[in-house]
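In what follows, a structure is listed as structure tokens, so that the remarks can point back to it.
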Amino acid sequence: MTECSLATSVPDWVIDHPETLVVFQELGIDFSCGGKSLGFACREQGLSEEHVLSKLHEVINGGIQTANPSSQT
């Protein structure tokens with residue numbers, strides 16, 4: 004598993020942390036975006052990088068309940 008950051012591609016986030024898929028869907032970030040970094044995808048969507056990272060880390064750490072029960076541990 005890689006250390007996920009703004010430089011990590013969106014597909015790698017989803018591969019390493021499938022539970023983050025719901026966050027990308029909610030924010031309108033295409034998770035099959037051709038390997039674009041999370042930072043690039045945030046800028047492209049006009050989203051705060053810090054806000055997106057915070058939401059992703061909350062989901063990874065179990066702080067946000069997702070609509071997809073199969074992604075919860």
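Heads up, the sequence shown is in the numbering used here, so the first residue is 4 and it goes up one at a time. Glycine included, every Cβ here is placed at the ideal spot set by N, Cα and C. Every value quoted in this text rests on a predicted model; they were computed, and no experiment measured them.
- Taking the Cα of G49 as reference, the smallest distance to any Cα among E22, S57, G31 is reached at G31.
- DSSP places S8 outside both helix and strand once states are collapsed to three, so it counts as coil.
- Look at S35 here: in three-state DSSP terms it is coil, with no helix or strand label.
- Around the beta carbon of S57, fewer than 16 other beta carbons lie within 10 angstroms, which makes this residue exposed.
- In this chain, the alpha helix (DSSP H) harbouring G42 covers 41 to 48.
- In this model, V55 and T23 are separated by some 11 Å (Cα to Cα).
- Shown here, S51 sits in coil according to DSSP, grouped into three states, outside any helix or strand.
- Here V17 has T23, L24, F27, F34 as same chain residues with Cβ atoms under 8 Å from its own Cβ, once five neighbours each way along the sequence are excluded.
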